[in-house]
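The numbering of the sequence shown is full-length UniProt numbering, which starts it at 1 and goes up by one.
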Amino acid sequence: MTQHFAPIEGASPVDTALSETVVRIVDLRRRFGQTPAVDGVSLTVRKGEVLGIIGRSGAGKSTLIRCLNGLERPDSGQIFVEGREITGLSERDLQPLRRRIGMIFQHFNLLSAKTVEENVALPLKIEGQSRDERLRRAAELLELVGLADKAKAYPAALSGGQKQRVGIARALAARPAVLLSDEATSALDPETTRSILALLKDINQKLGLTILLITHELEVVRSIADRVAVIDAGRIVEEGQVWSIFADPRTEVTRSLLAGIRPQLPQAIATRLTGVGREAILRVDIAGEAARRPLLQELATSVPGRFRLVHGGIDTIQGEPVGTLFLGVDTASRGIAETIEFLNARKARVEVLGYVTDNA
Ligand SMILES: Nc1ncnc2c1ncn2[C@@H]1O[C@H](COP(=O)(O)OP(=O)(O)OP(=O)(O)O)[C@@H](O)[C@H]1O
Numbered sequence: 001m002t003q004h005f006a007p008i009e010g011a012s013p014v015d016t017a018l019s020e021t022v023v024r025i026v027d028l029r030r031r032f033g034q035t036p037a038v039d040g041v042s043l044t045v046r047k048g049e050v051l052g053i054i055g056r057s058g059a060g061k062s063t064l065i066r067c068l069n070g071l072e073r074p075d076s077g078q079i080f081v082e083g084r085e086i087t088g089l090s091e092r093d094l095q096p097l098r099r100r101i102g103m104i105f106q107h108f109n110l111l112s113a114k115t116v117e118e119n120v121a122l123p124l125k126i127e128g129q130s131r132d133e134r135l136r137r138a139a140e141l142l143e144l145v146g147l148a149d150k151a152k153a154y155p156a157a158l159s160g161g162q163k164q165r166v167g168i169a170r171a172l173a174a175r176p177a178v179l180l181s182d183e184a185t186s187a188l189d190p191e192t193t194r195s196i197l198a199l200l201k202d203i204n205q206k207l208g209l210t211i212l213l214i215t216h217e218l219e220v221v222r223s224i225a226d227r228v229a230v231i232d233a234g235r236i237v238e239e240g241q242v243w244s245i246f247a248d249p250r251t252e253v254t255r256s257l258l259a260g261i262r263p264q265l266p267q268a269i270a271t272r273l274t275g276v277g278r279e280a281i282l283r284v285d286i287a288g289e290a291a292r293r294p295l296l297q298e299l300a301t302s303v304p305g306r307f308r309l310v311h312g313g314i315d316t317i318q319g320e321p322v323g324t325l326f327l328g329v330d331t332a333s334r335g336i337a338e339t340i341e342f343l344n345a346r347k348a349r350v351e352v353l354g355y356v357t358d359n360a
């Protein structure tokens, strides 16, 4: 979908070299006293992609998003939206660019005294559209988010998921270049979260909508993002395609964020691990080709000796298999070095976690 906007008087020159880039952030910095909340962030969001920004509490996500929607002034660095620099603009010049960014929030931010259709149509009033035009667009959007029958209802009569659908419809009313989602599913139960994420993905695919998601939940990133950037202490510490970051996290912060949703060694075994024992416990990480082949069968036929699958599984992320298996290898009958060598040769990453003396 091609987005157009009227030239803005006094705005900075167009950054033509990056026309497919919807948002470009260059070395952005914002500090509060001694705290560098955003400490040199550079990022691009390309047209039609879903980029997830994930980080723990206090990592700098809100500050970054506030810089993006113009609520916070960075100390230095630049932000371009559709090639136009928004950093350094006066409040007046910022207004039209702000409308190129749609926002959805954790607590929906709907006006309780206005009906659903009035909430959705509100951004268009600011644009000066007639009441008929506004209501026509609102009806179109409510259809898109599956709430056509709630047009005349008030927000108080809606469930959390329905409120967020209204929030999405309102954010899309003025046909923004990018949708910023600030923890938009954090207040919702898991089933409603799934339906909202499915809706966002559907809109992303149907309309080619560009989405920038800020979240502390990797599950959100896993289900709909194309790329992910991990932010920690104001810096992007890791960035890449979602499946590859899940398959091979490079930083401790990413590993700890992943811990909640990747298979973990069962507690009953983890607490019994020692430095020696009859059974070695191996963590085997596989992705792509390695996860497509009958790895355990090949291991059983190629290397003599006993082993068992203790725990684990294979997930599909962006169509790519990503898995973690925990194997118990009987050290009396099977060589550990040989087993690891065999698995490494098939592009599996192997770590010996420790040993247990009995395999209860
Ligand atoms: N207005 C402010 N004044 C002082 N310090 C601030 C201010 N805003 C943010 N900070 C500090 O900057 C750092 C980043 O905060 P920020 O709110 O951006 O993180 P976050 O990742 O959004 O966290 P959360 O998920 O908990 O909202 C924190 O150390 C925070 O205490």
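Every residue gets a Cβ at the ideal spot worked out from N, C-alpha and C, and that includes glycine.
Does DSSP put Glu-85 in a helix, a strand or coil?
-> Of the three classes helix, strand and coil, the one that applies to Glu-85 here is strand, per DSSP.
Can you tell me where the alpha helix (DSSP H) with Ala-156 in it begins and where it stops?
-> In the DSSP annotation of this structure, Ala-156 is not part of any alpha helix (DSSP H), being labelled neither H nor E.
Is it the case that the Cβ atoms of Arg-165 and Leu-122 are separated by a distance below 8 Å?
-> Contact flag unset, no.
Inter-residue spacing [alpha-carbon to alpha-carbon] between Leu-89 and Val-116 = Straight-line spacing of the CA atoms in Leu-89 and Val-116 works out to 33 Å.
Per-residue DSSP class, three states only, for Ala-270 = For Ala-270, the three-state secondary structure derived from DSSP is helix.
Reducing DSSP to helix, strand and coil, say where Val-322 ends up.
-> Strand at Val-322.
Can you tell me whether DSSP reads Glu-351 as helix, strand or coil?
-> Looking at Glu-351 - three-state DSSP - the assignment turns out to be strand.
Beta carbon of Asp-315 nearer than 8 Å to that of Gly-323 = A contact, by the Cβ cut-off of 8 Å.
Leu-122: first and last residue of the uninterrupted alpha helix (DSSP H) it sits in | Residues 116 to 126.
Does the Cβ of Glu-341 have 16 or more other Cβ atoms within 10 Å, making it buried, or fewer, making it exposed?
-> Glu-341 counts as exposed, since fewer than 16 other C-beta atoms from the protein chains shown sit within 10 angstroms of its C-beta.
According to the neighbour-count rule (16 or more other Cβ atoms, all chains shown, within 10 Å of its Cβ), is Leu-309 buried or exposed?
-> With fewer than 16 other Cβ atoms inside 10 Å of its own Cβ, Leu-309 counts as exposed.
Own chain residues within Cβ distance below 7 Å of Glu-320, not counting five before or after = These residues qualify, in order along the chain: Trp-243, Ala-287, Gly-288.
Could you check where the beta strand (DSSP E) with Ile-25 kicks off and where it finishes?
-> Where Ile-25 is concerned, the enclosing beta strand (DSSP E) stretches over 21 to 32.
Any heavy atom of ligand 1 within less than 6 Å of residue CB: hits in chain order = Chain-ordered, the residues whose CB falls short of 6 Å from any heavy atom of ligand 1 come out as Phe-32, Thr-35, Ala-37, Gly-55, Ser-57, Gly-58, Ala-59, Gly-60, Lys-61, Ser-62, Thr-63, His-216.
Helix, strand or coil for Val-230 per DSSP?
-> DSSP places Val-230 in the strand class (E or B) of the three-state scheme.
Val-276: buried (16+ other C-beta within 10 angstroms of its C-beta) or exposed?
-> Looking at its Cβ environment, which holds fewer than 16 other Cβ atoms inside 10 Å, Val-276 is exposed.
As assigned by DSSP and simplified to three states, the class of Arg-46 = In this structure, Arg-46 counts as strand in the three-state DSSP scheme.
Distance, Cα to Cα, Thr-21 vs Lys-47?
-> Rounded to the nearest angstrom, the gap between the Cα atoms of Thr-21 and Lys-47 is 6 Å.
Best match in Ser-57, Arg-56, Ile-25, Thr-35 for proximity to Val-45 [C-alpha to C-alpha] = Of the listed residues, the one whose Cα sits closest to Val-45 is Ile-25.
For the alpha helix (DSSP H) holding Ala-247, just list the boundary residues, first then last.
-> Following the DSSP letters along the chain, one finds Ala-247 inside the alpha helix (DSSP H) bounded by residues 242 to 247.
Out of curiosity, what's the CA-to-CA distance linking Gln-95 and Leu-144?
-> Cα atoms of Gln-95 and Leu-144: separation of roughly 27 Å, rounded to the nearest angstrom.
Residues bridged to Ser-76 [DSSP beta-bridge criterion] = As a beta-bridge residue in DSSP terms, Ser-76 pairs with Arg-29.
Which residue or residues does DSSP assign as beta-bridge partners of Leu-212?
-> Beta-bridge analysis with DSSP links Leu-212 to Leu-51, Leu-180.
Arg-66, DSSP secondary structure in three states | In the structure shown, Arg-66 sits in a helix (DSSP, three-state: H, G or I).
CB-CB under 7 Å to Asn-69, same chain, minus the five flanking residues each way: which ones, in chain order?
-> Once the five neighbours on either side are set aside, the close Cβ partners of Asn-69 are Arg-98, Ile-101, Met-103, Leu-180.
At what residues does the beta strand (DSSP E) containing Leu-282 begin and finish?
-> In the DSSP assignment, Leu-282 falls within the unbroken beta strand (DSSP E) covering 279 to 287.
Nearest candidate by alpha-carbon position, reference Thr-339, set Tyr-355, Gln-318, Glu-298 = Among Tyr-355, Gln-318, Glu-298, the Cα nearest to that of Thr-339 is on Glu-298.
What are the start and end residues of the alpha helix (DSSP H) that includes Arg-222?
-> Unbroken alpha helix (DSSP H) run through Arg-222: 218 to 224.
Buried versus exposed, by CB contacts within 10 Å (16 or more), Leu-279 = Looking at the sequence itself, residue 279 is Glu, so the reference to Leu does not match. So Glu-279 counts as buried.
What does Leu-327 pair with, by DSSP beta-bridge criteria?
-> For Leu-327, the beta-bridge partners assigned by DSSP are Leu-282, Leu-309.
Coil, strand or helix - Pro-96 by DSSP | In the structure shown, Pro-96 sits in a helix (DSSP, three-state: H, G or I).
Throw me the rounded Cβ distance for the Leu-218 and Ile-261 pair, which I believe falls under 8 Å.
-> Confirmed, Cβ separation roughly 5 Å.
Cut-off 8 Å between Cβ atoms - residues of its own chain near Gln-318, not counting five sequence neighbours on either side | Excluding sequence neighbours, Gln-318 sits near Asp-226, Gln-241, Val-242, Trp-243.
With DSSP run on the structure shown, which of helix, strand or coil describes Ala-113?
-> Of the three classes helix, strand and coil, the one that applies to Ala-113 here is coil, per DSSP.
Range covered by the beta strand (DSSP E) that runs through Phe-105 | Where Phe-105 is concerned, the enclosing beta strand (DSSP E) stretches over 101 to 105.
If you check the beta carbons only, do Ala-177 and Leu-124 fall under 8 Å apart?
-> At a Cβ-Cβ threshold of 8 Å, Ala-177 and Leu-124 do not count as neighbours.
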